Amino acid sequence: MILNDFFEELSDALFPPLCLACSEVLSGTAHEVFCPDCRRRITYITGSHCPVCGMIFPNSPSENHLCGNCLERKPWFSSARAAVAYDGVVLDAIRRFKYGRDITTGSALATFWAGFDFDDLDFHMFDAIVPVPLHIKRLRGRGFNQSLILARALGKKHRLMVDFSLLKRCKLTLTQTGLDKKDRVKNISGAFVAGPREKIRGKNLILVDDVYTTGATINECAKTLIRTGASKVAVLTLARVL
Ligand SMILES: [Zn+2]
Ligand SMILES: [Zn+2]
Numbered sequence: 077m078i079l080n081d082f083f084e085e086l087s088d089a090l091f092p093p094l095c096l097a098c099s100e101v102l103s104g105t106a107h108e109v110f111c112p113d114c115r116r117r118i119t120y121i122t123g124s125h126c127p128v129c130g131m132i133f134p135n136s137p138s139e140n141h142l143c144g145n146c147l148e149r150k151p152w153f154s155s156a157r158a159a160v161a162y163d164g165v166v167l168d169a170i171r172r173f174k175y176g177r178d179i180t181t182g183s184a185l186a187t188f189w190a191g192f193d194f195d196d197l198d199f200h201m202f203d204a205i206v207p208v209p210l211h212i213k214r215l216r217g218r219g220f221n222q223s224l225i226l227a228r229a230l231g232k233k234h235r236l237m238v239d240f241s242l243l244k245r246c247k248l249t250l251t252q253t254g255l256d257k258k259d260r261v262k263n264i265s266g267a268f269v270a271g272p273r274e275k276i277r278g279k280n281l282i283l284v285d286d287v288y289t290t291g292a293t294i295n296e297c298a299k300t301l302i303r304t305g306a307s308k309v310a311v312l313t314l315a316r317v318l
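Residue 77 is where the sequence shown starts when you use the working numbering, and the numbers rise one by one after that.
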């Protein structure tokens with residue numbers, strides 16, 4: 077342990093950690109990934125929200141209440157929460173990670189995200205973490221699955237197993253970008269297939285993805301797992317489109 081601390085300090089001295097957004101050298105508190113200036117530019121997800129899908133009501137000081145979408149049709153997941161809004165420095169960093177294939181940025185984002193307290197989620201109640209899978213063709217193109225990198229950081233923090241065998245992407249779909257909610261649901265329908273039923277039946281699972289946009293992808297994943305026998309599927313994402 078002491079030796080590990082020594083090597084960590086040596087590595088920090090030789091390669092000082094830089095802010096993910098502005099590349100300023102980070103000093104002081106360990107494990108920060110954005111400098112204080114950039115941290116102030118991040119929109120954290122707080123305030124009154126829908127207890128199911130996590131949609132926030134920025135102009136409503138009232139208590140949490142179900143949103144129109146969840147009232148109309150309850151999603152397959154029990155709850156969805158995100159740490160920060162998908163904008164500004166976070167959006168830039170996520171794009172660099174996914175499309176620029178910058179794994180160093182991805183690992184730093186994963187550490188940043190895993191450090192959040194998702195207060196209304198009792199991690200002890202869950203059996204495993206499931207990353208939203210990529211289709212094998214997309215995985216080959218990108219070289220990694222961004223959700224798996226996030227899931228591993230969360231699993232390490234909460235001592236939960238990450239099991240990517242529980243969900244596979246069987247259909248190569250069009251990108252969801254630019255589609256409205258209805259078309260997203262249609263596009264993603266039937267895109268996933270569950271892993272072994274005996275590993276899923278009766279289990280409480282945390283589904284992990286990088287960004288929650290309309291919830292169509294995550295809801296299709298949750299549907300696949302619940303129909304295979306999962307007891308409960310909660311969703312955690314790094315960011316959320318507001
Ligand atoms: Zn900065
Ligand atoms: Zn809702």
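Just so it is clear, CB atoms sit at the ideal spot from N, CA and C, and this is done for glycine as well.
None of the values given here were measured: they were computed from a predicted structure.
* **Nearest-angstrom beta carbon gap, T313 and D285 [assumed within contact, 8 angstroms]** => Mapped onto the sequence shown, residue 285 falls at position 209. Mapped onto the sequence shown, residue 313 falls at position 237. T313 and D285 do touch by the CB rule: their CB atoms are close to 5 angstroms apart, below 8 angstroms.
* To do: Could you name the residues of the same chain whose beta carbon sits closer than 6 angstroms to that of L318, not counting the 5 residues immediately before and after it, in chain order?
  => Against the sequence shown, residue 318 aligns to sequence position 242. Around L318, the same chain offers A161 as residues with beta carbons nearer than 6 angstroms, after the five sequence neighbours per side are excluded.
* Would the beta-carbon of C146 be found less than 7 angstroms away from any heavy atom of ligand 2? -> Start at 1 with the first residue of the sequence shown, and residue 146 comes out as number 70. True, at least one ligand heavy atom lies under 7 angstroms from that Cβ.
* Asked: Heavy atom of ligand 2 less than 7 angstroms from the Cβ of V128, yes or no?
  -> Taking the first residue of the sequence shown as 1, we reach residue 128 at position 52. The answer is yes for V128.
* alpha helix (DSSP H) segment containing L314, residue limits -> Locating residue 314 in the sequence shown gives position 238, where the first residue counts as 1. It is not in any alpha helix (DSSP H) - L314 instead sits in the beta strand (DSSP E) that spans K308 to R316.
* Nearest-angstrom Cα separation, counted from L243 out to S223 -> Translated into positions along the sequence shown, residue 223 becomes position 147. Translated into positions along the sequence shown, residue 243 becomes position 167. Linking S223 to L243 through their CA atoms gives a straight-line distance of about 12 angstroms.
* **Segments of 4+ residues assigned as alpha helix (DSSP H) that fall wholly inside the segment 199-251** => Listed in chain order, the complete alpha helix (DSSP H) runs (minimum 4 residues) inside the segment 199-251 are 212-218 and 222-234.
* Span separating the alpha-carbon of A267 from that of I294 -> Along the sequence shown, one-based indexing puts residue 267 at 191. Along the sequence shown, one-based indexing puts residue 294 at 218. Using only the alpha carbons, I get a separation of about 11 angstroms.
* To do: Kindly indicate which residue of A156, R235, P272 and C297 has the alpha-carbon position closest to the one of V261.
  => As a position in the sequence shown, residue 261 is number 185, starting the count at 1. Nearest option by C-alpha distance: C297.
* contact_flag[the segment 164-178, the segment 108-127] where n(CB pairs < 8 angstroms) is 3 or more -> Touching, yes, given that three or more Cβ pairs across the two stretches are closer than 8 angstroms.
* To do: Under 8 angstroms by Cβ, that's how I've got A227 and I205 pegged, so tell me the actual separation to the nearest angstrom.
  => Here the question's residue 227 lines up with position 151 in the sequence shown. Here the question's residue 205 lines up with position 129 in the sequence shown. The pair is a contact, with the Cβ atoms about 5 angstroms apart (cut-off 8 angstroms).
* **Beta-carbon proximity check, D163 vs T119, cutoff 8 angstroms** => The residue labelled residue 163 in the question sits at position 87 within the sequence shown. The residue labelled residue 119 in the question sits at position 43 within the sequence shown. Going by C-beta atoms, D163 is nearer than 8 angstroms to T119.
* To do: Following the continuous beta strand (DSSP E) through I282, name the residue where it begins and the one where it ends.
  => Numbered from 1 along the sequence shown, position 206 holds the residue referred to as residue 282. Per DSSP, the unbroken beta strand (DSSP E) holding I282 starts and ends at N280 to Y288.
* To do: Within 10 angstroms of the Cβ of Y175, are there 16 or more other Cβ atoms? Answer buried if so, exposed if not.
  => The residue you call residue 175 lines up with position 99 of the sequence shown. Per the 10 Å Cβ criterion, exposed.
* P151 versus P207 - alpha carbon distance -> Counting from one through the sequence shown, the residue named residue 151 turns up at place 75. Counting from one through the sequence shown, the residue named residue 207 turns up at place 131. Taking the CA atoms as reference points, P151 sits about 18 angstroms from P207.
* Just curious, the alpha helix (DSSP H) that V45 is in, first and last residue? -> The chain is shown only over 77 to 318; residue 45 falls outside these bounds and no answer can be derived.
* Boundaries of the alpha helix (DSSP H) in which A158 is found, first to last residue -> For the purposes of this step, residue 158 is identified with residue 82 of the sequence shown, where counting begins at 1. If you look at A158, you'll find it isn't in any alpha helix (DSSP H); it sits in the beta strand (DSSP E) that goes S155 to A161.
* To do: Verify the contact flag: A97, CB atom, against every heavy atom of ligand 1, threshold strictly below 7 angstroms.
  => For this step, residue 97 is matched to residue 21 along the sequence shown. Checking the Cβ of A97 against ligand 1 gives yes.
* To do: Under 7 angstroms Cβ to Cβ from N145, same chain only, skipping five residues before and after it: list those, please.
  => Taking the first residue of the sequence shown as position 1, residue 145 is located at position 69. C129, listed in sequence order.
* Asked: Which of helix, strand or coil does DSSP assign to L102?
  -> Counted from its first residue, the sequence shown places residue 102 at position 26. DSSP places L102 outside both helix and strand once states are collapsed to three, so it counts as coil.
* Option nearest S300 by Cα separation, candidates N140, S265 and G182 -> Indexing the sequence shown from 1 puts residue 300 at position 224. Contrary to the premise, residue 300 reads as Thr rather than Ser in this sequence. If we check each option's Cα against that of T300, S265 comes out closest.
* What is the rounded straight-line gap between the Cα of C143 and the Cα of D81? -> By one-based count along the sequence shown, residue 143 stands at place 67. By one-based count along the sequence shown, residue 81 stands at place 5. About 47 angstroms.
* Asked: Distance, Cα to Cα, S99 vs V165?
  -> As a working note, residue 99 is residue 23 in the sequence shown. As a working note, residue 165 is residue 89 in the sequence shown. Roughly 12 angstroms between the two C-alpha positions.
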